[in-house]
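All residue numbers in the sequence shown are consecutive under the numbering used here, ending with 215.
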Amino acid sequence: MALAIAAPLLGGVLLPAAAQADGPDPKPKPRQHGKQAAGVALRTDGPASAVVPGRIYEWTFKMTAKGPGESGKAVFRTTLPRSLAFVSGTRGCAAAGWTVECDLGAVRKGRTVTGAIKTKVSGDARPGQTIRLHGTVTWGRAHTERTFPAVRVVRSAHLGHAPSKAAPKNPGGKKPEAKEPVEKKPVEKKPAVKKPAVRKPAAVRRVALSR
Numbered sequence: 005m006a007l008a009i010a011a012p013l014l015g016g017v018l019l020p021a022a023a024q025a026d027g028p029d030p031k032p033k034p035r036q037h038g039k040q041a042a043g044v045a046l047r048t049d050g051p052a053s054a055v056v057p058g059r060i061y062e063w064t065f066k067m068t069a070k071g072p073g074e075s076g077k078a079v080f081r082t083t084l085p086r087s088l089a090f091v092s093g094t095r096g097c098a099a100a101g102w103t104v105e106c107d108l109g110a111v112r113k114g115r116t117v118t119g120a121i122k123t124k125v126s127g128d129a130r131p132g133q134t135i136r137l138h139g140t141v142t143w144g145r146a147h148t149e150r151t152f153p154a155v156r157v158v159r160s161a162h163l164g165h166a167p168s169k170a171a172p173k174n175p176g177g178k179k180p181e182a183k184e185p186v187e188k189k190p191v192e193k194k195p196a197v198k199k200p201a202v203r204k205p206a207a208v209r210r211v212a213l214s215r
């Protein structure tokens, strides 16, 4: 009877021990978004640091497919601020409202594709206003974003320097004292004196006397 009773007891003790030996269920691995974020690179460049209202400027971008996929469709997108108007673009760029989309086509891993858009600065842009443009590129399931260099609105193209005002001739506000006119005396011309011509002495000939 002792063995019969011990068997169920041992079985009851061994079952929990076996369960603990397996350990808890492993946690699911998180999805790795870093590979997708690092799968494509974007570089941007803009016009000079100063822009003038009414003129057209070009904004360029360059995307590089890094993987992990072998090939994928690439698209560049940007939203223009109110101070810019879309004019044209390369690589199948088109605008719908303030959103510009450029279809870069199928790009293989390791390849680099460049593109550009041209915009016109609004005439309502205020001098001193800063314009910032933000771009996003997708390649397959990977995507990344980057900001274009900021530019400042100026009145003229001379690096934003307004024409300087001429300094006042009388900074103190006092009226200049009137100066008496100075009479210029006529210069008397002296008659030219002719110098007498100097005659050169005649050459003396020596005559030999015969004895």
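Each residue gets a CB set at the ideal place from its N, CA and C atoms; glycine is no exception.
| Item | Value |
| --- | --- |
| Endpoints, beta strand (DSSP E) assigned at Thr83 | 75-83 |
| Leu84 versus Arg112 - alpha carbon distance | 29 Å |
| Cβ-Cβ separation, Gly144 to Phe80 (assumed contact under 8 Å), whole Å | Wrong, their Cβ atoms sit about 14 Å apart, outside the cutoff. |
| First through last residue of the beta strand (DSSP E) which encompasses Asp107 | 103-112 |
| C-alpha distance - Gln40 paired with Arg159, whole-angstrom precision | The pLDDT assigned to Gln40 is 41, lower than 50, so where the model puts this residue is not dependable; a value taken from the coordinates is nonetheless given after this. Near 44 Å, if we compare the C-alpha coordinates of Arg159 and Gln40. |
| Beta-carbon gap between Ile60 and Val104 smaller than 7 Å | no |
| Which residues DSSP lists as bridging Lys122, in chain order | Glu62, Ser92 |
| Val141 to Trp63 span [Cα, whole Å] | 15 Å |
| First through last residue of the beta strand (DSSP E) which encompasses Gly144 | Neither: Gly144 is in no beta strand (DSSP E) and is coded neither H nor E. |
| Where Val158 sits in the DSSP three-state scheme | coil |
| Contacting residues, own chain, Cβ-Cβ under 6 Å from Asp49 (five flanking each side not counted) | Thr64 |
| In DSSP terms, what Val117 is bridged to | Met67 |
| Span separating the alpha-carbon of Leu137 from that of Ala129 | 15 Å |
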